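Asks:
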Ligand code: GTR
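Residue numbers (our numbering): 51 to 376.
1) If I follow the unbroken alpha helix (DSSP H) through residue 362, where does it start and stop?
2) Mind checking residue 107: buried by the 16 CB within 10 Å criterion, or exposed?
3) Could you pull out every residue in the same chain whose Cβ sits closer than 7 Å to the Cβ of residue 236, ignoring the five residues on either side in sequence?
4) Is it true that the CB of residue 142 sits closer than 8 Å to the CB of residue 345?
5) Answer yes or no: the CB of residue 204 versus the heavy atoms of ligand 1, is any distance below 7 Å?
6) Quick one, which of 270, 149, 241 and 295 has its alpha-carbon nearest residue 252's?
7) I'd like to confirm something about residue 130: is its beta-carbon nearer than 7 Å to some heavy atom of ligand 1, or not?
8) Sort 172, 116, 246 and 150 by Cα distance to residue 183 and report the nearest one.
9) Could you name the residues whose beta carbon sits closer than 6 Å to any heavy atom belonging to ligand 1, keeping them in chain order?
10) DSSP puts residue 205 in a beta bridge; with which residues?
11) Would you say the beta carbon of residue 270 is closer than 7 Å to some non-hydrogen atom of ligand 3?
12) Apart from the five residues on each side of it in sequence, which residues of its chain come closer than 7 Å, Cβ to Cβ, to residue 192?
13) Residue range of the alpha helix (DSSP H) that residue 314 falls in?
14) Counting C-beta neighbours from all protein chains within 10 Å, is the total for residue 71 16 or more, i.e. buried, or is it exposed?
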């Protein structure tokens, strides 16, 4: 009897400790995004998480925190740097102040169009920039690019030329380069976090902002009153998927390679989802009464030449290489 009870107890103990060690053997990776559930970047990173869990036989699990629940992009970058967030999808915009070399992609009109941007990020220059981020003191390992489309202006009053922006306060992402860009375009650039833009437009703290159609739609900025979408296409900024260096250093080489491979797959998946999201968003915004204004954006291109000269000066050679990509 005693023996039987002892046997049951010890078997339970073995099972429990095995369960505990299985649980502790699982690493949960917190992934964050400012965009809501269902957004292309969020969907692609979630699917990366599922693949990672399957490929590692459950040693890794990804937990997605979408919709800025872990803070604005600047705060999330800081949390990634200290290791509180392990996987982050962010625009390159707010990475500029942390890794100045990426500002080359943050410059107005640096890419001719989306196919040009894709050819650059898919080629050696794209890889060089990812490597620069990883090698910088920013404590982030750049896994892959993501598509952030093309950013255009949206305002309460229609804008067709730089003069129409006179006196208009336009929200820009947190990076002095963007404030300079908007000032050169004729308006007053105001830097502010993405989560504050809706109220800022609604209350008149700003007169408008600029972004791609999926962001304008999902962040509801048009409902705050910015109903004119002027196709300036002044910024084509790729986005990145990074892993905190703190988390990266805990992975063995095989797991690092797996995370990189799945990151690249997420990039491709996001691109397909992105193209669909852009056309669907444009259609939906139109039915919601947003007026799309087609313009010749050359005056905006010309007006921002000093910004390219100022920020591009240290990277003249790279600027030339980007322009040469077909
Ligand atoms: C979006 C981008 C976000 C965020 C946002 C913003 O297009 O995907 O990462 O940077 O713009 O304007 O803050």
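The beta-carbon is built from N, C-alpha and C at its ideal position, and this holds for glycine as well.
Note that the structure is predicted; figures quoted are calculated from it, not measured.
Replies: Taking the coordinates as given:
1) As a working note, residue 362 is residue 312 in the chain shown. Its alpha helix (DSSP H) spans residues 355-362.
2) For the purposes of this step, residue 107 is taken as residue 57 along the chain shown, with counting starting at 1. Label assigned to residue 107: exposed.
3) Within the chain shown, numbered from 1, the residue matching residue 236 stands at position 186. 212, 213, 215, 216 and 353.
4) Mapped onto the chain shown, residue 345 falls at position 295. Mapped onto the chain shown, residue 142 falls at position 92. Going by C-beta atoms, residue 345 is not nearer than 8 Å to residue 142.
5) Taking the first residue of the chain shown as 1, we reach residue 204 at position 154. Not under cutoff, so the answer is no.
6) Translated into the one-based positions of the chain shown, residue 252 becomes position 202. Closest by alpha carbon: 270.
7) If you number the chain shown from 1, residue 130 lands on position 80. No, Cβ of residue 130 sits at least 7 Å from all heavy atoms of ligand 1.
8) Here residue 183 refers to the residue found at position 133 of the chain shown. Looking at the Cα atoms, 150 is the closest of the given residues.
9) 84, 123, 140, 141, 143, 198, 223, 244, 261, 262, 265 and 289
10) By 1-based counting over the chain shown, the position of residue 205 is 155. Paired residues: 258 and 278.
11) Only ligand 1 can be found as ligands here, which leaves ligand 3 out of the picture.
12) Taking the first residue of the chain shown as 1, we reach residue 192 at position 142. Excluding residues within five positions, the ones whose Cβ falls inside 7 Å are 180, 183, 184, 290 and 292.
13) On the chain shown, residue 314 is found 264 positions in, with the first residue counted as 1. Note, residue 314: alpha helix (DSSP H), 303-337.
14) Here the question's residue 71 lines up with position 21 in the chain shown. At residue 71, the pLDDT of 49 sits below 50, so the modelled position is not reliable; the number obtained from the coordinates is stated separately. Looking at its Cβ environment, which holds fewer than 16 other Cβ atoms inside 10 Å, residue 71 is exposed.
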